[in-house]
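Q: Structure below; questions to follow.
Protein chains: 2
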Amino acid sequence: MSLPPWRSLITRALHKNRSLVYSRYLQLATVRENGFPANRTVVFRGFLEDTNQLKFITDIRSEKAEQIVKQPAAEICWYFPNTREQFRITGKLTLVTANSHHNLQPARIKMWQELSDAARLQFVWPDSGKARVTTPEAFTPPAPDTIQPVENFCLLLLEPTKVDHLELRGEPQNRWVYYYNENQEWLTEAINP
Amino acid sequence: MSLPPWRSLITRALHKNRSLVYSRYLQLATVRENGFPANRTVVFRGFLEDTNQLKFITDIRSEKAEQIVKQPAAEICWYFPNTREQFRITGKLTLVTANSHHNLQPARIKMWQELSDAARLQFVWPDSGKARVTTPEAFTPPAPDTIQPVENFCLLLLEPTKVDHLELRGEPQNRWVYYYNENQEWLTEAINP
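In order, the protein sequence lines correspond to chains G and X. Residue numbers for the first sequence follow our numbering, beginning at 427 and rising by one. Residue numbers for the second sequence follow our numbering, beginning at 427 and rising by one.
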């Protein structure tokens, strides 16, 4: 697979911002059942092998899992502080659950195995967003298996169809948009910032 | 006006993160006409006097101005790196244009006057998002008037109805949600992170 032109820009941004752990944090917008937007920070977990799909993780119990099943359209906004550049990536989400097609399970299982112990532990915490469980033990459960993911663990994939790249450093500023067209080619256009 | 409980949390977060200029940057999610989400970075410009409305600026020529007129529902996601906390603020946007009610014009004009010269200049640049204008002079136009805003300058206001506050630092983590109820009171609930 030849990489689309925006891939090297992401790689460069990650490299130049590597001193900031939160440069891997970005904001994922989805749409609620009532048609209103939702927005939250998620952690970029790399690209799915041999694809341009961005990897994230989530819990089947989360509101976003529910939203995505009903409306998979998404837009992430990813701001890199050191290089003062923003990527807006529009695309379609795929929620890979324990019940997803067996072709997708190896990627889900590998993702689970790559997580830190602290990240895995959150998947055996009480239901996120529900009234606070006040027994402290609820948040210090036995560590889950490190090889086999828990049922509620999901891999979340974003397949980009458009990438809008804005460089605030520039004279005056630079902005490009990358489109995936019906011939499965990525087109590039310079646009006004 | 007595301030809702989440106001002091925002003030504290801004103070503790003041070393980072980009702690005033946040991500604004809206919904496009096709029902798909949009998401971009905007700069927090303070609260509108005697209200809980967050101030931003935008250009009437921008896609978001168009989206907001059709669907004013929004959610911002605001991550503070130093204190490792996130605010998700759900609410309704009001776009204050040159043609908005005269009651809103003083706030729009004041906002314009408070902008830097560089920020004001962007409102006389060529149309954002259109094919790049390659004549460099297009981006170095004569500076606009500093007192009277240009026609396309808009003040953008977000009236919060829900604030979801997550502290990643905590044992294990802390999360609260603040709701504005039908009695016009702010209610607080501790929820699972």
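The beta-carbon is built from N, C-alpha and C at its ideal position, and this holds for glycine as well.
(1) Return the residue from the list Arg-433(G), Leu-452(G) and Cys-580(G) that minimises the CA-CA distance to Val-495(G).
(2) With a threshold of 16 other CB atoms inside 10 Å of the CB of Ala-455(X), please say whether the residue is buried or exposed.
(3) Mind checking if Phe-549(X) is an interface residue toward chain G, Cβ cutoff 9 angstroms exclusive?
(4) Please classify Ser-449(G) as buried or exposed, where buried requires at least 16 other C-beta atoms within 10 Å of its C-beta.
(5) Select from the stretch 475-509 of chain X all residues with a C-beta closer than 7 angstroms to any C-beta belonging to chain G, and list them in chain order.
(6) If you follow the beta strand (DSSP E) that Val-469(G) is in, where does it begin and where does it stop?
(7) Can you give the Cα-Cα distance for Ala-616(G) and Lys-556(G), rounded to whole angstroms?
(8) From the DSSP output, in three-state form, read off Val-559(G) for me.
(9) Under 9 angstroms between the Cβ atoms of Asn-600(X) and Glu-593(X)?
(10) Give me the Cα-Cα distance between Leu-480(X) and Phe-470(X), rounded to the nearest whole angstrom.
(11) Can you confirm whether the stretch 456-470 of chain G touches the stretch 500-515 of chain X when touching is taken to mean that 3 or more C-beta pairs between the two stretches lie within less than 8 angstroms?
(12) With C-beta atoms as the reference, is Lys-531(G) less than 9 angstroms away from Gly-461(X)?
(13) Along chain G, in chain order, which residues have C-beta atoms closer than 9 angstroms to that of Lys-556(X)?
(14) So, with DSSP's three-state summary, where would you put Glu-611(X)?
(15) Quick one: does Asp-571(G) have its CB under 9 angstroms from some CB of chain X?
(16) At the 9 angstroms Cβ level, is Thr-437(G) part of the contact set with chain X, yes or no?
(17) Work out the CA separation of Arg-595(X) and Ser-542(G) for me, nearest whole Å.
(18) Based on the DSSP secondary-structure assignment, which residues constitute the bridge partners of Ala-524(X)?
(19) For the candidate residues Asn-508(X), Tyr-505(X) and Arg-558(X), whose alpha-carbon lies nearest to that of Glu-597(G)?
(20) Are the beta-carbon atoms belonging to Ala-524(X) and Arg-510(X) less than 9 angstroms from one another?
(21) Could you have a look at Asn-529(X) and say whether DSSP puts it in helix, strand or coil?
(22) Identify the residues that DSSP records as bridge partners of Arg-601(G): which are they?
(23) Taking Arg-450(X) as the query, report the chain G residues whose CB atoms sit under 7 angstroms from its CB, ordered along the chain.
(24) Quick check: the Cα distance between Asp-476(G) and Lys-536(G), rounded to an integer number of angstroms?
(25) Who are the near neighbours of Thr-587(G) in its chain, counting only those whose CB is closer than 8 angstroms to its CB and skipping five residues on each side?
(26) So who's on the other strand from Leu-547(X), going by DSSP bridges?
(27) Would a check of beta-carbon distances place Arg-516(X) closer than 9 angstroms to chain G?
(28) Does any residue of chain G bring its CB to less than 9 angstroms from the CB of Ala-545(X)?
(29) If you reduce the DSSP assignment to three classes, tell me which class Gln-493(X) lands in.
(30) Check for me: the beta strand (DSSP E) holding Leu-541(X) runs from which residue to which?
A: Per the coordinate set shown:
(1) Cys-580(G)
(2) buried
(3) no
(4) buried
(5) Ala-499, Ala-500, Glu-501, Ile-502, Cys-503, Tyr-505 and Pro-507
(6) 463-469
(7) 46 angstroms
(8) coil
(9) yes
(10) 7 angstroms
(11) yes
(12) One point to set straight first is that residue 531(G) is Gln, not Lys, in the sequence displayed. No.
(13) Ile-617 and Asn-618
(14) coil
(15) no
(16) no
(17) 17 angstroms
(18) Paired residue(s): none; Ala-524(X) is not in a bridge.
(19) Arg-558(X)
(20) no
(21) helix
(22) Leu-592(G) and Ile-617(G)
(23) What Arg-450(X) touches in chain G: nothing, since even the nearest Cβ is about 12 angstroms away.
(24) 15 angstroms
(25) Thr-516, Gly-517, Lys-518, Tyr-605 and Tyr-606
(26) Bridge partners of Leu-547(X): none, in fact.
(27) It is Thr, not Arg, that sits at residue 516(X) in the sequence shown. Judged by the 9 angstroms Cβ criterion, Thr-516(X) is in contact with chain G.
(28) no
(29) helix
(30) First-last for Leu-541(X): undefined, no H or E at that position.
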